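Quick notes on the structure that follows.
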Amino acid sequence: MPQQYQLPELPYDFNELEPVISAEIMTLHYTKHHQAYVTNLNKALEQYAEAEAKQDIAKMIALQSAIKFNGGGHVNHSIFWTNLAPQKKGGGVLEKGAFTDALDAEFGSKEQFIELFSAKAVAVQGSGWGWLGYHKGRKRLVITTCDNQDPLSTKCANDVIPLLGIDVWEHAYYLQYKNVRAEYVKQIWNVVNWNNVIQRYQNAIKA
Ligand code: MN3
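Taking numbering that gives the first Met the number 0, I'd label the letters of the sequence shown as residues 0 to 206.
If you want it as structure tokens, here you go:
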């Protein structure tokens, strides 16, 4: 029996990201969507272990897309929750330091970074994620997007360490922002936990 994955603890209450993200969205997103990724990942890994024990390679291969989708969903959301913070607990506040220096050097300014990131995230076709990552080889910040629940590692072969992910699946905003993804992406900067992003950046530059 492989290790069972679990929902990580949410570092704030469902209503604490209001008015940017409603309690209804947060409740469904965490207890239904993220929970489903965890449940289905565990199920797929269990079936994978059974197939491996029987040396059923065809079955193992057939399970890979479920592991990628649900495992990616678990990885991505586990980062996403920590990338957000209530405004009364520092959400949206970015202090100057080594990270903002890197942001300025790569993108010109925080504002220009937000503009570029937002444009790319809004333009994702269908479901996916916008990411700020740290490219280990080039020692630079990069903006990219991923489709579906593909974690950043599927696109960047683990060369890019995720720092900040924004979920642009409709389930992340539709109940509140309807079809206007651009408005959701505009508002979410008010609850970005920059301290978490900076912590991830500091770990990434040492990795
Ligand atoms: Mn989601």
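Ideal placement from N, C-alpha and C gives every residue a C-beta, glycine not left out.
Just so you know, these numbers come straight off a predicted model, no measurement behind them.
TODO: Report the rounded CA-to-CA distance for I78 versus Q54, giving the unit in angstroms.
DONE: 34 Å
Open item on the list: Please list the terminal residues of the continuous alpha helix (DSSP H) segment that includes W80.
Closed with: 63-81
Open item on the list: By the DSSP assignment, the alpha helix (DSSP H) with V184 in it spans what residues?
Closed with: 180-187
Task: the segment 30-47 contacting the segment 62-70, beta-carbon criterion three pairs below 8 Å - done: yes
- [ ] Report all residues from its chain with a CB closer than 8 Å to the CB of T190; omit the five preceding and five following residues, and keep chain order.
- [x] The question names Thr, but residue 190 is Val in the sequence shown. Excluding sequence neighbours, V190 sits near L16, V19, I20, L83, A84, P85, Q86, G90, G91.
Open item on the list: Please tell me whether K135 has its Cβ less than 7 Å away from any Cβ of chain D.
Closed with: The question asks about chain D, but that chain is absent: this structure has only one protein chain.
TODO: Put D100 into one of helix, strand or coil per three-state DSSP.
DONE: helix
Open item on the list: Looking at I160: is its Cβ nearer than 7 Å to the Cβ of A97?
Closed with: no
Task: Nearest-angstrom Cβ-Cβ length linking L163 and L131, presumed shorter than 8 Å - done: 4 Å
Open item on the list: At the level of alpha carbons, what is the spacing between I113 and T30?
Closed with: 29 Å
- [ ] Report the partner residues of Y133 according to the DSSP bridge assignment.
- [x] L140, I160
Task: Below 6 Å from a heavy atom of the ligand MN3 - residues by beta-carbon - done: H28, H32, H76, D166, W168, H170, A171
Task: Boundaries of the alpha helix (DSSP H) in which N192 is found, first to last residue - done: Per DSSP, N192 belongs to no alpha helix (DSSP H) and is neither H nor E.
Task: Reference Y11, options Q2, Q3, T26, closest by Cα - done: T26
- [ ] List in chain order: all unbroken alpha helix (DSSP H) runs of 4+ residues lying wholly within the segment 31-66.
- [x] 34-52, 56-61
TODO: Could you check the C-alpha separation between A101 and I56 for me, to the nearest Å?
DONE: 46 Å
Task: Beta-ladder partner(s) of I165, from DSSP - done: G129
Task: Selected residue, minimal CA-CA separation from A181, among N192, K119, C155 - done: K119
TODO: Counting only the same chain and skipping the five closest in sequence on each side, list residues whose C-beta sits under 8 Å from that of L62.
DONE: A43, Q46, Y47, A50
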